[in-house]
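Engineer: Protein sequences, first through last, are from chains A and B. Sequence positions in the first sequence follow our numbering and run 49 to 387. Sequence positions in the second sequence follow our numbering and run 439 to 625.
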Amino acid sequence: MLRLPQFELVQPSTVAEAVRALAECPGALVVAGGTDLVPNLKHELFTPPRVVSLALLAELRGIRRENDGSLVIGAMTPLAEVAESELVRAQAPALAQACSLIAGPQLRSMGTLGGNVMLDTRCQWYNQTYFWRAALGFCMKKDGTECHVVKGGRTCVAAASNDSAPALMTLGASLEIATASGKRTLALDDFWVADGIYNKQVARDEIVTAIRVPATGAGHRGAYGKLRDRGSIDFPLLGVAVRLELDAQDTVAQADVVITALAAQPKRITKVAEALAGTKPGTAAFDAAVEAVGALAHKQCKPLPNIPGDADYRREMVPVYVRRTLQAAARREGPVHHV
Amino acid sequence: MRRMAEYRLEVNGDSLDVSAPDHWTLLEVLRYRLALTGSKQGCDKGDCGACTVLVDGKPWLACLTLARSVVGRRITTIEGLLPAHRANGGSGADPVQAAFDRCGALQCGFCQPGMILSAKALLAKTPQPTRDEMREALSGNLCRCTGYTQIFEAIESAVASELGLKPAARAWGAPPVSCAARKDGGA
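Next up, the structure:
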């Protein structure tokens with residue numbers, strides 16, 4: 049039996065009230081669906097005096113299409129709803145696919161897109177009970193000073209494990225954030241800090257209110273691939289989001305590959321567009337370019353023993369998942385997973 | 439003295455007054471305040487699905503839900519299925535519960551309330567699911583006695599009995615479970 053530590057629960061009915069409830073209580077934490085924070089609270093990774101729940105904020109729920117074609121997804125929209133949304137599936141297939149593979153059915157009806165973006169980093173030395181962590185020696189992310197993953201390491205390498213984030217990065221998405229002084233927006237590409245202890249540029253007293261996904265055209269192709277132990281429940285051992293932009297002749301004009309579950313932030317593979325540009329899906333030239341991108345990714349990604357799953361195995365799976373996910377995107381298929 | 443929050447939850451069609459500390463989960467309130475012990479406390483951290491309930495018809499893990507966050511929402515636990523079935527004019531047990539009974543879809547039974555509620559959520563959305571859809575819908579519920587095959591057969595049997603179809607063939611050449619095998623519907 050895992051009990052929650054004691055805290056005061058505040059459930060505001062407006063965003064302004066929620067921001068105020070956070071500002072007036074240092075150390076207060078936001079909870080959306082609770083599927084990440086509640087287990088972490090049970091493991092005593094956080095012991096906040098106050099928890100501010102966004103559960104009653106109906107204004108943060110729902111998916112709408114703006115006049116310019118961009119999608120605005122309320123931060124409290126359940127992951128299941130994002131995965132099943134016709135709008136998202138048509139306009140941002142990689143995001144719909146990523147959300148469809150997050151955890152299991154119950155967790156997708158509870159968990160929210162904003163919550164998944166704000167997911168805490170994960171590490172096998174961190175996501176454990178207090179008893180477990182105390183027995184083996186605390187780590188720098190919580191209660192200790194050293195890193196058990198990288199001996200002598202000075203920076204926490206706990207892994208960004210949110211499936212939605214790499215998909216949102218390939219889509220050029222941005223966050224709408226409510227702060228004590230008003231509102232601001234932040235591109236997902238500028239969201240990250242290379243520090244697993246807290247890897248975000250969104251402060252604890254700020255609230256992500258919506259996720260904005262720019263319009264995509266007829267030539268847009270996207271897919272998501274996820275490696276995990278089982279076909280459900282598990283966090284990614286590797287997550288690969290891809291984007292292809294085809295021109296009128298169906299040849300690749302632009303391409304992007306972002307990989308997650310490596311270290312504190314997702315990794316954008318470089319030189320992908322150069323490798324794929326000008327090739328046409330279904331041709332030998334495209335297949336060769338896909339092979340080359342897999343090799344680029346293998347060279348650029350070095351999984352660490354931070355999350356479960358053998359790091360060498362995860363590295364060897366990088367090119368496999370990059371190739372399969374690129375081919376799936378080109379064929380308008382996906383998601384890619386092994387079960 | 440610890441401060442109690444006073445609120446009202448809608449559980450199985452009843453409006454129930456609750457007095458519990460803020461940090462209690464829905465599972466704790468169901469089991470230790472409302473004496474609804476059908477929802478099981480398994481891993482208590484969102485891995486096993488034993489605590490699955492329905493919130494507004496959606497499968498939901500009670501162990502990760504702050505109880506006060508579901509005020510005003512429709513909560514269904516395993517205890518609510520029979521009364522709802524009878525209130526709708528049904529006789530015997532709820533068809534899914536009856537099918538789990540007929541097909542022996544349990545060994546120790548600990549995962550069963552969660553399995554049945556996940557199955558109810560599936561059937562509400564997809565009245566005639568394929569095996570793959572069942573696997574997907576029940577993928578958040580773990581059974582450690584390894585009884586999955588009979589669980590899928592139970593769902594197929596429930597669908598067959600509801601729609602008046604012939605039950606599907608069972609694994610290992612076992613004879614199909616007749617929907618009329620038990621006249622009492624397994625209650």
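Cβ atoms here follow ideal geometry from the backbone N, Cα and C, with glycine treated the same way.
How about B:Gln588: is its C-beta nearer than 8 Å to some C-beta of chain A?
Structural biologist: Here the question's residue 588 of chain B lines up with position 150 in the second sequence. Taking Cβ atoms only, chain A never reaches closer than 8 Å to B:Gln588, which makes this a no.
Engineer: Can you say whether A:Trp180 is buried or exposed, counting buried as having 16 or more other CB atoms within 10 angstroms of its CB?
Structural biologist: Walking along the first sequence from the start, residue 180 of chain A turns up at place 132. When all chains shown are included, A:Trp180 counts as exposed.
Engineer: Between the alpha carbons of B:Arg620 and B:Arg540, how many angstroms are there, rounded?
Structural biologist: Within the second sequence, numbered from 1, the residue matching residue 620 of chain B stands at position 182. Within the second sequence, numbered from 1, the residue matching residue 540 of chain B stands at position 102. Summary for B:Arg620: the model assigns pLDDT 49, below 50, so the residue's position carries little reliability; its value from the coordinates is reported in the next sentence. Looking at the two C-alpha atoms, the distance is approximately 8 Å.
Engineer: Going along the chain, which residues of the stretch 243 to 276 of chain A sit with their C-beta nearer than 8 Å to a C-beta in chain B?
Structural biologist: Those residues of the stretch 243 to 276 of chain A that come within reach of chain B (Cβ to Cβ, closer than 8 Å) do not exist; the list is empty.
Engineer: Just to confirm the assignment, what range does the alpha helix (DSSP H) spanning A:Lys90 have?
Structural biologist: By 1-based counting over the first sequence, the position of residue 90 of chain A is 42. From DSSP, the alpha helix (DSSP H) with A:Lys90 extends over Leu85 to Lys90.
Engineer: Under 8 Å Cβ-Cβ, which residues of chain A neighbour B:Ala575?
Structural biologist: One-based indexing of the second sequence puts residue 575 of chain B at position 137. What B:Ala575 touches in chain A: Pro153.
Engineer: State the beta-bridge partners of A:Ala271 as determined by DSSP.
Structural biologist: For this step, residue 271 of chain A is matched to residue 223 along the first sequence. Looking at the DSSP assignment, A:Ala271 forms a beta bridge with A:Val290.
Engineer: Among the residues of its own chain, which have a CB less than 8 Å from the CB of A:Arg51, if the five just before and after it don't count?
Structural biologist: Within the first sequence, numbered from 1, the residue matching residue 51 of chain A stands at position 3. The residues are Lys90.
Engineer: The alpha helix (DSSP H) that contains B:Leu468, what's its start and end?
Structural biologist: As a working mapping, residue 468 of chain B is identified with position 30 in the second sequence. Note, B:Leu468: alpha helix (DSSP H), Leu464 to Tyr470.
Engineer: Is DSSP giving A:Trp240 helix, strand or coil here?
Structural biologist: Indexing the first sequence from 1 puts residue 240 of chain A at position 192. Note: A:Trp240 maps to strand in three-state DSSP.
Engineer: Less than 8 Å between CB atoms is the rule here; does B:Asp482 satisfy it with respect to chain A?
Structural biologist: Against the second sequence, residue 482 of chain B aligns to sequence position 44. Interface residue, yes.
Engineer: State the CB to CB distance for the pair A:Ile307 and A:Val261, rounded to an integer number of angstroms; the pair is presumed to be in contact (CB under 8 Å).
Structural biologist: The residue labelled residue 307 of chain A in the question sits at position 259 within the first sequence. The residue labelled residue 261 of chain A in the question sits at position 213 within the first sequence. Their Cβ separation, rounded to whole angstroms, is 20 Å, which puts A:Ile307 and A:Val261 out of contact at 8 Å.
Engineer: State yes or no: is the beta carbon of A:Val384 nearer than 8 Å to at least one beta carbon in chain B?
Structural biologist: Taking the first sequence and counting its residues from 1, the one referred to as residue 384 of chain A is at position 336. Chain B contact via Cβ: absent.
Engineer: Check this for me: beta carbons of A:Leu219 and A:Val256, under 8 Å apart or not?
Structural biologist: Looking up residue 219 of chain A in the first sequence gives position 171. Looking up residue 256 of chain A in the first sequence gives position 208. Against a cut-off of 8 Å, the Cβ pair of A:Val256 and A:Leu219 comes out as no contact.
Engineer: Would you list the residues sitting across from A:Val99 in a DSSP beta bridge?
Structural biologist: Along the first sequence, read from residue 1 onward, the residue named residue 99 of chain A stands at position 51. A:Leu57 and A:Leu77, per the DSSP bridge assignment.
Engineer: So what's B:Asp570 in DSSP terms, helix, strand or just coil?
Structural biologist: As a working note, residue 570 of chain B is residue 132 in the second sequence. Reduced to three states, the DSSP call for B:Asp570 is helix.
Engineer: Quick one: residues in its chain with C-beta nearer than 7 Å to the C-beta of A:Val370, no 5 flanking neighbours on either side, listed in chain order?
Structural biologist: On the first sequence, residue 370 of chain A is found 322 positions in, with the first residue counted as 1. Closer than 7 Å at the Cβ level, and outside the excluded window around A:Val370, lie Val288, Val305, Val341, Gly342 and Ala345.
Engineer: So, does the CB of A:Gly279 fall closer than 8 Å to a CB anywhere in chain B?
Structural biologist: As a first step, residue 279 of chain A must be located in the first sequence, where it is residue number 231. Yes, contact with chain B.
Engineer: Would the beta-carbon of B:Lys496 fall within 8 Å of that of B:Ala488?
Structural biologist: Residue numbering aside, residue 496 of chain B sits at position 58 when the second sequence is read from its first letter. Residue numbering aside, residue 488 of chain B sits at position 50 when the second sequence is read from its first letter. Contact flag unset, no.
Engineer: Check whether the Cβ atoms of A:Ala377 and A:Gly270 lie closer than 8 Å to each other.
Structural biologist: Counting from one through the first sequence, the residue named residue 377 of chain A turns up at place 329. Counting from one through the first sequence, the residue named residue 270 of chain A turns up at place 222. Their beta carbons are under 8 Å apart, which means A:Ala377 touches A:Gly270 by this criterion.
Engineer: Mind pulling the chain B residues with CB within less than 8 Å of A:Lys55?
Structural biologist: The residue you call residue 55 of chain A lines up with position 7 of the first sequence. In the sequence under discussion, the amino acid at residue 55 of chain A is Phe, which differs from the Lys named in the question. In chain order: Asp460 and His461.
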